[in-house]
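When the letters of the sequence shown are read in order and numbered with our numbering, they come out as residues 5 to 65.
Glycine is no exception: its CB is placed at the ideal position from the N, C-alpha and C atoms.
The model shown is predicted, which means the values in this text are computed figures rather than measured ones.
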Amino acid sequence: MLLHLDTSARSRSFSRALTERFALAWQSANPSQDYVHRDLAAEPVPPIGQAWTEICASRSR
5 MLLHLDTSAR SRSFSRALTE RFALAWQSAN PSQDYVHRDL AAEPVPPIGQ AWTEICASRS
65 R
């Protein structure tokens, strides 16, 4: 599995171009493997809040 994370706010950044090129080559070499792409600049991960910490605490008991 390849998890492809883009984090730059710049749509034409060098890192985006580089990771896109790598991902395309990887997918070509591994067509049966899973591939997940996340753009953290477009869809940021929300901050951890009270509800999340309570769920984690309840699972560890």
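Flag this pair as yes or no: are the beta carbons of residue i and residue j separated by less than 8 Å?
i	j	result
Ala21	Tyr39	no
Ser12	Ala46	no
Which one of the options has the shortest CA to CA distance from residue i?
i	options	result
Met5	Val49, Gln54, Gln31 and Ala55	Gln31
For residue i, which residues of its own chain have a beta-carbon under 6 Å away from its beta-carbon, when the five flanking residues on both sides are left out?
i	result
His41	His8
Beta-carbon within less than 7 Å of residue i's beta-carbon, same chain only, minus the 5 sequence neighbours each way: which residues are those?
i	result
Asp43	Asp10
Specify the secondary structure class of residue i as computed by DSSP and reduced to three states.
i	result
Arg20	helix
Arg63	helix
Arg14	coil
Leu6	strand
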